[in-house]
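Okay, structure first, notes after.
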Amino acid sequence: MNNNNGYSRIISTGEHMGKYDRAPPDQLRGRPNFFKVTNCPNSDFALANLLAVSSRDFDKSTKYLLIDGCIFNVAQSNDLDSGLIGPSRIHRTWARLSLNQEVTVEPFDPFRNGKDVYLSNMEMEISFYSKAQEVRDVFDVVELSDVITKLFVFDFRGINLKGLITSVNVVSLDKVDDDSRKEQGQGFGILLKQTIISFVKSGSSNIQLKGNNRSRPANKIIQPDFKFEDMGIGGLDSEFSNIFRRAFASRIFPPDLIEKLGIQHVKGILLYGPPGTGKTLMARQIGKMLNSVEPIIVNGPEILNKFVGQSEENIRKLFAPAEEEYREKGDESQLHIIIFDELDAICKQRGGRSDNTGVGDSVVNQLLSKMDGVDQLNNILLIGMTNRKDLIDEALLRPGRLEVHIEVGLPDEKGRLQIIGIHTLKMRQNHILNKDVDLQELATLTRNFSGAEIAGLIKSASSFAFNRHIKVGTMAGIEADISKLEITRDDFLGALTEVKPAFGASEEELERCIQNHIIPYSPAVNKILKDGRLYIDQVRKSETSPLVSVLLHGDPGSGKTALAATLAIESEFPFCKLISPDGMVGYSESTKINELHKVFSDSYKSPISVIMIDDIERLIEWVPIGPRFSNAVLQTLIVLLGKQPPKGHRLLVLATSSQKSVLSELGLLDAFDADIKTPMIEQVESVDFVLKYFNLFEDVLRTETISKLNKAIEQSNSSQMAAIEDGLYDNKYMKRSGLKIGIKKLLLLMETSRQDSDSQQRFISLISEFI
Numbered sequence: 000m001n002n003n004n005g006y007s008r009i010i011s012t013g014e015h016m017g018k019y020d021r022a023p024p025d026q027l028r029g030r031p032n033f034f035k036v037t038n039c040p041n042s043d044f045a046l047a048n049l050l051a052v053s054s055r056d057f058d059k060s061t062k063y064l065l066i067d068g069c070i071f072n073v074a075q076s077n078d079l080d081s082g083l084i085g086p087s088r089i090h091r092t093w094a095r096l097s098l099n100q101e102v103t104v105e106p107f108d109p110f111r112n113g114k115d116v117y118l119s120n121m122e123m124e125i126s127f128y129s130k131a132q133e134v135r136d137v138f139d140v141v142e143l144s145d146v147i148t149k150l151f152v153f154d155f156r157g158i159n160l161k162g163l164i165t166s167v168n169v170v171s172l173d174k175v176d177d178d179s180r181k182e183q184g185q186g187f188g189i190l191l192k193q194t195i196i197s198f199v200k201s202g203s204s205n206i207q208l209k210g211n212n213r214s215r216p217a218n219k220i221i222q223p224d225f226k227f228e229d230m231g232i233g234g235l236d237s238e239f240s241n242i243f244r245r246a247f248a249s250r251i252f253p254p255d256l257i258e259k260l261g262i263q264h265v266k267g268i269l270l271y272g273p274p275g276t277g278k279t280l281m282a283r284q285i286g287k288m289l290n291s292v293e294p295i296i297v298n299g300p301e302i303l304n305k306f307v308g309q310s311e312e313n314i315r316k317l318f319a320p321a322e323e324e325y326r327e328k329g330d331e332s333q334l335h336i337i338i339f340d341e342l343d344a345i346c347k348q349r350g351g352r353s354d355n356t357g358v359g360d361s362v363v364n365q366l367l368s369k370m371d372g373v374d375q376l377n378n379i380l381l382i383g384m385t386n387r388k389d390l391i392d393e394a395l396l397r398p399g400r401l402e403v404h405i406e407v408g409l410p411d412e413k414g415r416l417q418i419i420g421i422h423t424l425k426m427r428q429n430h431i432l433n434k435d436v437d438l439q440e441l442a443t444l445t446r447n448f449s450g451a452e453i454a455g456l457i458k459s460a461s462s463f464a465f466n467r468h469i470k471v472g473t474m475a476g477i478e479a480d481i482s483k484l485e486i487t488r489d490d491f492l493g494a495l496t497e498v499k500p501a502f503g504a505s506e507e508e509l510e511r512c513i514q515n516h517i518i519p520y521s522p523a524v525n526k527i528l529k530d531g532r533l534y535i536d537q538v539r540k541s542e543t544s545p546l547v548s549v550l551l552h553g554d555p556g557s558g559k560t561a562l563a564a565t566l567a568i569e570s571e572f573p574f575c576k577l578i579s580p581d582g583m584v585g586y587s588e589s590t591k592i593n594e595l596h597k598v599f600s601d602s603y604k605s606p607i608s609v610i611m612i613d614d615i616e617r618l619i620e621w622v623p624i625g626p627r628f629s630n631a632v633l634q635t636l637i638v639l640l641g642k643q644p645p646k647g648h649r650l651l652v653l654a655t656s657s658q659k660s661v662l663s664e665l666g667l668l669d670a671f672d673a674d675i676k677t678p679m680i681e682q683v684e685s686v687d688f689v690l691k692y693f694n695l696f697e698d699v700l701r702t703e704t705i706s707k708l709n710k711a712i713e714q715s716n717s718s719q720m721a722a723i724e725d726g727l728y729d730n731k732y733m734k735r736s737g738l739k740i741g742i743k744k745l746l747l748l749m750e751t752s753r754q755d756s757d758s759q760q761r762f763i764s765l766i767s768e769f770i
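Under numbering that gives the first Met the number 0, the residue at position 274 of the sequence shown is numbered 273, and the numbers go up by one with no gaps.
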């Protein structure tokens, strides 16, 4: 009943919807009395949220009673005998009272402890009073706020609704209009006209609410206590942040606000990236972090069925629960998550299949109609995962369908540290991980490792530790000191030698290109290395040139491949791949193109990469007879060399060729940003340096060998001059004789001479052919 001050009821909440374990003694007035519980004498009292008491026991000044820790609004009744109280059924359920139960009843004065008893905010959970009264009408929360002056049960347009107070905030009456008021933590208070009431749909009810809900609270779609580390997820913080902003932020706000904006929730997310980076793990764990229906997880190939129409039926079954709930509850229905693993298996480009069955196209059509067809659903979220985004039908990737595209790439050093910490958590908790293991060091050493490869690395390290405790001579016996098992730093270093990242550096292939190291036989060699390092620094540091391509050209055997491989290794870029003709022997033209495209695409998955293309004229199948070459491979290389990497990624391309003039004629030379010439050995002093570098001869013998080599060159020049004098040689075509040999050929001659008993004579005779 409203009093003259304009406020209505004292409401209370707590563990038992308002029951208090005790009340402060200074808030009680009068002595406790024992009363017996009976039925409410008048149904009007129930709808008015009033506790009926006998007018013989209490006068009209008694407004509130405290009964077993629960506060009630009081109304006198002449229909009750003395010593009886008449709560309604809903009151008895709330306060856990039974008929004929004796309870302690005390008058309650809310003002005994000051004026901080008025409600500033109140959250009420609304449902139908009974299942029989459920209707499909939508209730405006503004109208509800204007008529709700009763607690628990109230009449709204002839329909009895039930309200359950879930939280309250209390302030002083003289501060109720002050924006800077300080809210109290007290669990009860008096409802005012100024009280901000927030209505929330009961989870067990089909009631539908609409309108501006004053201060409606955020939808609790995110579990309050989830942690990525507890879910076994590491290195994906930025990806989760993007997913939350794009897919879940709009679902937190009230539906009426989203309706005012005129937008729809995101219905689909596509997670793509290299294998083993955590796409499937992330999708499965999203369901755990959300207050939603249990996610439906589907492997793409499971949808396909040999019977006509069954594949499409399987798609419809996935959406059936969401459709049924959306028909009943509308925008108040829960979120339904459908997770598609290997989405590219069923959603390839329409019209691109050769099986002539049309099943794949029909599946795509059915999925498109369910996501964004005539009967649109606003309570679904489809999460697709794939390693091949390029294979998926474009219509599925547009806004309104799988519109949020999140690339789950290789983790950076911080992410790798998180992943290693997750996988070694139990080792550290159980003191199995040796103190010499530095997780930060492992994170640095595992460049370009995916999450799955890091897990494999830790398994491999564990196997090294197991091996130390296996009895000699048997694979089944275990030593008795198994309690001393520890995984050490050496175990991880051993594991790094056998677990290699799929998108890492091709160190073994590159090292085979420089078996004899780089020999600084000439200042030109040091200059080539210096210039190459400048291009490496340019890619690493420059903000304006994320792509640099360099061509090393020269005669065959001049050391182009070794120099390029040395620069690639010295760069220490996480991704380093070698493209060589010997690795594509027998490949068709289309297979070569696909392989080239794959290497460049893989390089974009790493923040900074280097690609080495060796013997480029062999790669395009150029031969001087004809001439003939593969125009398709040539055009592919021209396009890839000019294609800028994605934002935030950098790429260095090192290529070698023995036919610079041919590349110029084909238009491939213009695709390179710079070219470096690798010289041949033309000075006897360079030969002397190489002989000394590899200690082929003793000092005296080496000096004698160089002297004989100089004499052979002089004799060749003298013979040429004599031929000119005799008219056997045209002077205008004369070129002074000298040495011209590639470093690769020189090293081969030296190794051949080493096998002969007269190595000096063998060496002079072999190298004389290059004078």
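Backbone N, C-alpha and C fix where the C-beta goes; we use that ideal spot for every residue, glycine too.
{"Asked": "Spatial neighbours of leucine 444 in its chain, beta-carbon cut-off 7 Å, leaving aside the 5 residues before and after", "Found": "Leu495"}
{"Asked": "Glutamine 75 - partner residues in DSSP beta bridges", "Found": "Val52"}
{"Asked": "Valine 686 (DSSP reduced to helix, strand or coil)", "Found": "helix"}
{"Asked": "Test item: CB-CB of asparagine 204 and serine 126 under 7 Å", "Found": "Residue 204 is actually serine in this sequence, not asparagine. Yes. Within cutoff."}
{"Asked": "CA nearest to the CA of leucine 49, picked from Asn32, Ser81, Arg88", "Found": "Arg88"}
{"Asked": "In chain order, each beta strand (DSSP E) run of at least 3 residues that lies wholly inside the region 306-345", "Found": "335-340"}
{"Asked": "Distance, glycine 455 Cα to lysine 281 Cα", "Found": "What sits at residue 281 in the sequence shown is methionine, not lysine. Using only the alpha carbons, I get a separation of about 19 Å."}
{"Asked": "Residues bridged to threonine 655 [DSSP beta-bridge criterion]", "Found": "Leu551"}
{"Asked": "Residues near cysteine 346 by beta carbon distance below 6 Å, same chain, minus five either side", "Found": "Val363, Ile391, Asp392, Leu395"}
{"Asked": "Rounded C-alpha distance that separates alanine 721 from isoleucine 712", "Found": "15 Å"}
{"Asked": "From Asn378, Thr655, Leu745, Gln760, residue whose alpha carbon lies closest to that of methionine 679", "Found": "Leu745"}
{"Asked": "Touching by the beta-carbon criterion (3+ pairs, under 8 Å), the region 654-664 and the region 605-624", "Found": "yes"}
{"Asked": "Sufficient close CB pairs (3 or more, under 8 Å) joining the region 312-324 to the region 332-344", "Found": "yes"}
{"Asked": "Arginine 55 versus isoleucine 66: straight-line alpha-carbon distance, rounded", "Found": "18 Å"}
{"Asked": "Buried versus exposed, by CB contacts within 10 Å (16 or more), threonine 704", "Found": "buried"}
{"Asked": "Residue range of the alpha helix (DSSP H) that includes aspartate 536", "Found": "522-540"}
{"Asked": "Length at least 4, wholly inside the region 225-297: the alpha helix (DSSP H) runs in chain order", "Found": "236-242, 248-251, 254-260, 278-288"}
{"Asked": "Residue burial classification, aspartate 698 (beta-carbon count within 10 angstroms, cutoff 16)", "Found": "exposed"}
{"Asked": "Nearest-angstrom beta carbon gap, asparagine 304 and asparagine 298 [assumed within contact, 8 Å]", "Found": "In fact, because the Cβ distance is near 13 Å, the residues do not count as touching under 8 Å."}
{"Asked": "Leucine 342 versus glycine 585: straight-line alpha-carbon distance, rounded", "Found": "32 Å"}
{"Asked": "Proximity test, Cβ basis, 7 Å: glycine 68 and chain D", "Found": "The chain inventory of the structure shown lacks chain D, comprising one protein chain alone."}
{"Asked": "Cut-off 7 Å between Cβ atoms - residues of its own chain near serine 459, not counting five sequence neighbours on either side", "Found": "Ala494, Glu497, Val498"}
{"Asked": "Local Cβ density within 10 Å of proline 500, reported as buried at 16 or more and exposed below that", "Found": "buried"}
{"Asked": "Assigned exposure category for serine 76 - 16 Cβ within 10 Å defines buried", "Found": "buried"}
{"Asked": "Proximal residues to asparagine 525 (C-beta, below 7 Å), its chain only, five neighbours per side dropped", "Found": "Pro519"}
{"Asked": "Of the residues Asp581, Ser505, Ser291, the one placed nearest serine 570, counting alpha carbons only", "Found": "Ser505"}
{"Asked": "For phenylalanine 465, the first and last residue of its enclosing alpha helix (DSSP H)", "Found": "450-466"}
{"Asked": "Heavy atom of the ligand SAH within 6 Å of leucine 595 beta-carbon", "Found": "Looking at this structure, you won't find the ligand SAH or any other ligand, since it has none at all."}
{"Asked": "Simplified DSSP assignment, three categories, for alanine 711", "Found": "helix"}
{"Asked": "Three-state secondary structure (DSSP) of leucine 401", "Found": "coil"}
{"Asked": "For aspartate 389 and serine 557, the rounded distance between their alpha carbons", "Found": "41 Å"}
{"Asked": "Pick from Ala74, Glu301, Pro606, Pro273 that is closest to serine 449, judged by C-alpha positions", "Found": "Pro273"}
{"Asked": "Inter-residue spacing [alpha-carbon to alpha-carbon] between phenylalanine 696 and glutamate 620", "Found": "42 Å"}
{"Asked": "Residue closest to asparagine 99, alpha-carbon to alpha-carbon, out of Asp489, Ile164, Phe33", "Found": "Phe33"}
{"Asked": "Rounded straight-line distance, which links the Cα of proline 254 to that of glycine 261", "Found": "10 Å"}
{"Asked": "Simplified DSSP state of methionine 679, which is helix, strand or coil", "Found": "coil"}
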